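Line by line, the protein sequences are chains A and B.
Numbering-wise (my numbering), the first sequence opens with residue 4 and increments by one.
Numbering-wise (my numbering), the second sequence opens with residue 4 and increments by one.
Everything on this sheet refers to the single structure shown next.
2 protein chains.
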Amino acid sequence: MSAKIKDVAARAGVSTTTVSRVLNGGKYVREDLRIRVLRAIEELGYAPSRIARSLVRNKTNLLGVIVPDLTSSFYSTILSSIEETAAKNGYNLLVCNISEDIDKEYKYLQIFKEMRAEGVIIMHEKMNEEIREFIGRMEIPLIFSSVKPLNQSFISVIVDDYAAAYDATAYLIGLGHQSIGFIGGDMRDVTSGQNRYLGYCNALKDHGIGYIHELVRFGDYKVKSGYDLMGELLRSKRQPTAVFAVSDDMAIGAVNCLADHGLRVPGDISVMGFDGSQMTELVRPRITSMEQPIHRMGKVTVETLLRLIEGDVLKNGDIILDHKLEERESCRKI
Amino acid sequence: MSAKIKDVAARAGVSTTTVSRVLNGGKYVREDLRIRVLRAIEELGYAPSRIARSLVRNKTNLLGVIVPDLTSSFYSTILSSIEETAAKNGYNLLVCNISEDIDKEYKYLQIFKEMRAEGVIIMHEKMNEEIREFIGRMEIPLIFSSVKPLNQSFISVIVDDYAAAYDATAYLIGLGHQSIGFIGGDMRDVTSGQNRYLGYCNALKDHGIGYIHELVRFGDYKVKSGYDLMGELLRSKRQPTAVFAVSDDMAIGAVNCLADHGLRVPGDISVMGFDGSQMTELVRPRITSMEQPIHRMGKVTVETLLRLIEGDVLKNGDIILDHKLEERESCRKI
C-alpha cells in the first residue's frame, strides 16, 4: 500500500492542508514546515496521484480531440502533430474518433467536460443545435482545426479555402486547360466545401471560361467518392482535359478510375489534389496538390488552445495559414 | 456555481458519506434516506464529476494506448477499431504516439499510471530494462496488440508471423517463382521481424530452393525503406522475379521504385505485401498481401483487456488470429 497524504501529514506533524499547499507550490507555508513536509515525502516515497492533484489544482492536463475519421491520412497526420505539440507542453490527449457520427460527437463532448479536459479541439465542422448549445455552456476553451463551422463564431485554424481553390484552378488554366472538371466536397453546412467550390467558379469566371454544369460533381472527400465521380465525368458528353479534386484522397480515387479505364495521367487527363497528405507521394504518378501546412496546422492549433487555457483572451475568428502549390507529376501543360 | 456533494447532503439532511454510498449504488443505505438523497440530487441538479466519482470508485474508464506511429495506415486502422470497441464499452482512450521513441513510451506509461488508466494497450514491441521493470510493478492490466515483445511473458494479440510469412513465400513459389527477394523488417529485439524472416527461409528450404544472401534485405517497415531496398535488389547481380515485403508500406515503396525504373508490376517483377492495410487497394496495381485481420485485432485486444480489468485471470501467451492471403494485382504466375 503506498503512502497517503495523511501519512505524510502525520510524519511531518502538520495538517493535510499544509501538505497540499507545499505540493502545489503555494505561498504562506512556513519554511521550516515546508522542509519537514518535503523530508516526510521523501522518507515515505509519497507520490501524489495526478488525479488527486487535479482535484486540488483543477489541472488535469487533458485535451479532448474530436477526429472525424482516424483512417484518413489527412486527419492522422494532423493528429500526430497535435499530439507532438501537446506532449511537449505536458498535455495528454483524449482522442475520440467519431466516424462522422454527430451523435457520438455530442456524447464525447459531454465526456470531455466530465473528465475536466482543459481544452477541446474539434476537426469536424458539421454541427447540430444540441452541440451548438452544449458548446455554448461548456466553459472549456475550444478550437476548431482544419475546419470552420458554418455561420458560427469560434476560433478556427484553417487555410483560406476560397483562395486555395481559386489558385489551384488558375494553375490548371495557366497550363492551358479550358475544360476543367471539379470534384467537390460536401456542400451542406460545410464551409470548406462551399468555399472551394466558389474558388473554382470565380477562377473560371475571372479567366473568361464558361461554367459547365456537367463538369461539376460533389462527393465526401474519400477515395471511393473520387473514383465514382471521375467515372461519372468520363461518361458525360463534355470530357475535361483536367480535373480538380478538393481532397488528395478524391484525387487518388480519380487517378485510379482513369487507370482502370486505360487512361494515362497526366497524358490523357491532368488531375490536381488538395490537402498535401503523405499519400500524394506514395502513388504513381505523384499527385500535384494545393497543400495545407498540415503539420504546422496541428502545432498552431495546440499553441493557440494553450494560450486560451492560460487565460489569454483571443478574439473569435480565423487563423489563416498559407496554402502552397506542390507541383508533382499528375498535371501537364497542353 | 454548480452544486457540490455537501450541498446535496445538507438538503437531504444526511452525511456526505451517505450521498456517496447512494451515488455508487452501495448497499447499507436506509431506503428512506436513499429517496431523500435522490430527491435532493434532482432538486439541485447535482451531477458528480467523473473525476470525483473515479476517486471514490477507483473507476476512470480510461485506457492508455501506446501507438508507434500514427501516420502509418496500419496503426491508424487498428487504433480506430480499438477506439470503436472501447467506446461501445464506455471506455475512453488516452492516445500516445511515441514516434518510435522508447523514452517517450516510458514517460507515457508513468502518466497512464498517474492518471489511473484501468488498462494499457501497447503496439510497440521494443523494450528496454526500464520499461520492463516499470510494467512489472505497474499493477494495471496490460496487453500487447499486433506485436509481441521478445522473450517476455505477456498477453499478445497477433497473427502467427512465421506461418503467415511461410504461406506468403510458398504462394510465390506456387506461382513458379524460384528467385524470390525478401524485404524484411527489423531483426533486433523484434519477434515479428525475426519470425517473418524464418518463415521465408523455411518455405524456400522446404521447397528445395537455395537461400541467396544477396536477395535478402532488412528495413524498418516504412515506404521509404521498401523503396530503397528494392533499389538495392535491382543493382544486385541476381535479380529476383518476385519480391516479398513484410509490410504493405514497404511493398508500395518497392512497387514505386520499380515504376521509377520503368519496370512493370507484375509484368517484370511480382511484389507481395503483408498487413492488409487499406493502402493495398489505393495504389495501382493493387497489392496482393498476406493480411492480418486488422479490425478484428483491435476488437479482440479491447475485449480481452476488459476481461482482465473485470478481474478474469488469463494466462500470459499469444492470442493468435488467422492470417489470410488476399490476391490482388501485383503477383503473377511465371
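C-beta: ideal position from N, C-alpha, C; glycine also.
Since the structure is predicted, the reported quantities are computational estimates derived from the model, not experimental observations.
- For the stretch 171-247 of chain B, the full-length alpha helix (DSSP H) segments reaching 4 residues or more read 194-209 and 226-238 along the chain.
- For B/V316, the three-state secondary structure derived from DSSP is coil.
- A/M293 places its beta carbon 7 Å or farther from that of A/I81.
- Around the beta-carbon of B/T20, fewer than 16 other beta-carbon atoms lie within 10 Å, marking it exposed.
- In the structure shown, A/D10 falls within a helical segment according to DSSP collapsed to helix, strand and coil.
- Residue pairing by DSSP puts A/G276 in a beta bridge opposite A/S292.
- Of all residues in the stretch 82-102 of chain A, only L82, S83, E86, E87, A90, N95, L96, L97, V98, C99, N100 and S102 place a beta-carbon less than 8 Å from a beta-carbon of chain B.
- Scanning A/H326, A/I290, A/D315 and A/Q281 for the CA closest to the CA of A/F77 turns up A/Q281.
- Between A/V249 and A/A166 the beta-carbon gap is near 13 Å, outside 8 Å, which marks them as no contact.
- A/Q113 sits exposed, since fewer than 16 C-beta atoms from the chains shown fall within 10 Å of its C-beta.
- For A/L73, the neighbours in chain B by C-beta distance under 9 Å run, in chain order, L73, S79, T80, L82, S83 and E86.
- In the structure shown, A/G256 adopts helical secondary structure according to DSSP, grouped into three states.
- Taking the Cβ atoms as the reference, A/G196 lies roughly 4 Å from A/G188, within the contact range of under 8 Å.
- In this structure A/I143 is in contact with A/V123, their Cβ atoms being roughly 6 Å apart against a cut-off of 8 Å.
- The way I'd put it, the stretch 127-135 of chain A doesn't touch the stretch 123-137 of chain B; fewer than three beta-carbon pairs between them come closer than 8 Å.
- Cα atoms of B/V32 and B/R42: separation of roughly 15 Å, rounded to the nearest angstrom.
- Counting the other Cβ atoms within 10 Å of the Cβ of A/E86 gives 16 or more, which makes it buried.
- Residues of chain B whose Cβ lies closer than 9 Å to the Cβ of A/R287 are, in chain order, V258, N259, A262, D263, V286 and R287.
- In the three-state DSSP reduction, B/K327 falls in the strand class (E or B).
- For A/G139, the enclosing alpha helix (DSSP H) starts and ends at E132 to G139.
- In the three-state scheme derived from DSSP, where H, G and I count as helix and E and B as strand, B/D321 is classed as strand.
- Under the Cβ distance rule, B/V150 does not count among the residues neighbouring chain A, no pair being separated by less than 7 Å.
- Look at A/F157 here: in three-state DSSP terms it is coil, with no helix or strand label.
- Of the candidates B/S333, B/G276, B/R220 and B/V246, B/G276 places its Cα closest to the Cα of B/H326.
- At least one beta carbon of chain B lies nearer than 7 Å to the beta carbon of A/I255.
- Inter-residue distance for A/I44 and B/R140 is about 20 Å (C-alpha atoms, whole angstroms).
- The residues I212 and T244, in chain order, have a CB closer than 8 Å to that of A/Q181 in the same chain once the five nearest residues on each side in sequence are set aside.
- Under the three-state reduction of DSSP, A/L73 is assigned to coil, being neither helix nor strand.
- According to the DSSP assignment, A/V32 belongs to no beta strand (DSSP E), since it is labelled neither H nor E.
- When CB distances to chain B are screened at a threshold of 9 Å, the residues of the stretch 262-282 of chain A falling below it are A262, D263, Q281 and M282, in chain order.
- Contact check between the stretch 222-241 of chain B and the stretch 199-210 of chain B: fewer than three CB pairs, one atom from each, fall below 8 Å, which does not count as touching.
- Using a CB distance below 8 Å, the part of the stretch 219-238 of chain A facing chain B consists of V226, ordered along the chain.
- Within chain A, no C-beta atom comes less than 9 Å from the C-beta of B/I44; the nearest is roughly 16 Å away.
- Following the DSSP letters along the chain, one finds A/V98 inside the beta strand (DSSP E) bounded by residues N95 to N100.
- With contacts defined by Cβ atoms closer than 7 Å, A/A89 and A/L97 do not form a contacting pair.
- Around A/I215, the same chain offers S182 and R241 as residues with beta carbons nearer than 8 Å, after the five sequence neighbours per side are excluded.
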